[in-house]
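Below is one structure; the comments refer to it alone.
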Amino acid sequence: MQKTKASADELIALILHGIEDVKGVDINLLDLREIENTVCDYFIICNGTSNTHVNAIVSSIQKTVSKAIQDKPWHIEGSDNAEWVLMDYVNVVVHVFQKHIREFYDIEGLWGDAKVTMVESSYNS
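Residue numbers (UniProt numbering): 1 to 125.
Shown next as structure tokens:
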């Protein structure tokens, strides 16, 4: 049986699992499909508490996705200072921020027309 490309839903579920595994906080899923001229279908945005935590979240996402569906990001940017790391899985782009950087750039505000889903964590932060 030939392996098919993972669905966006499966990829999103794996990314969320990777974030939760290392206790990423304030997770939002932005659905951009109804907005014209977007670069992808979904943004997943979350916070880490330090640059070490941000890098741990990024690493956890990569391992979780790679292990389950043998997919890796097309591009990763920002891991050097780990204040805002962008992981590009083509249709799904993950933004892992430190809290103060997330507040400064306000991605959710910039994409105000997107449908936002707050992801409940299975633990208390």
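Backbone N, C-alpha and C fix where the C-beta goes; we use that ideal spot for every residue, glycine too.
Proximity below 7 Å, CB of residue i to CB of residue j
i	j	result
GLN98	GLU77	no
ALA61	CYS46	Note that residue 61 is Ile in the sequence shown, not Ala. Their beta carbons are not under 7 Å apart, which means ILE61 does not touch CYS46 by this criterion.
LEU32	VAL116	no
Other residues of its chain near residue i: CB distance less than 8 Å, five sequence neighbours each side excluded
i	result
LEU11	VAL65, ILE69, ASP71, TYR89, ASN91 and VAL92
THR49	VAL25, GLN98 and LYS99
Same chain only: Cβ atoms within 7 Å of residue i, ignoring 5 sequence neighbours per side
i	result
SER79	ASN55, VAL58 and VAL85
Sequence-distant residues of its chain with Cβ nearer than 6 Å to residue i (five each side left out)
i	result
SER125	Any reading at SER125 needs caution, since the residue's pLDDT is 46, under 50, leaving its predicted position unreliable; the model's value is listed next. Hits under 6 Å: VAL25.
PRO73	MET87, ASP88 and TYR89
| field | the stretch 35 to 47 / the stretch 93 to 104 touching (three or more Cβ pairs under 8 Å) | value | yes
| field | Touch test, the stretch 11 to 27 against the stretch 54 to 72, Cβ-Cβ under 8 Å, three pairs minimum | value | yes
| query | How do the stretch 9 to 19 and the stretch 104 to 116 stand: do at least 3 beta-carbon pairs fall below 8 Å, yes or no? | reply | no
| said: Just to confirm the assignment: which complete beta strand (DSSP E) runs, minimum length 3, are found wholly within the stretch 10 to 78? | reply: 25 to 31, 42 to 48 and 75 to 77
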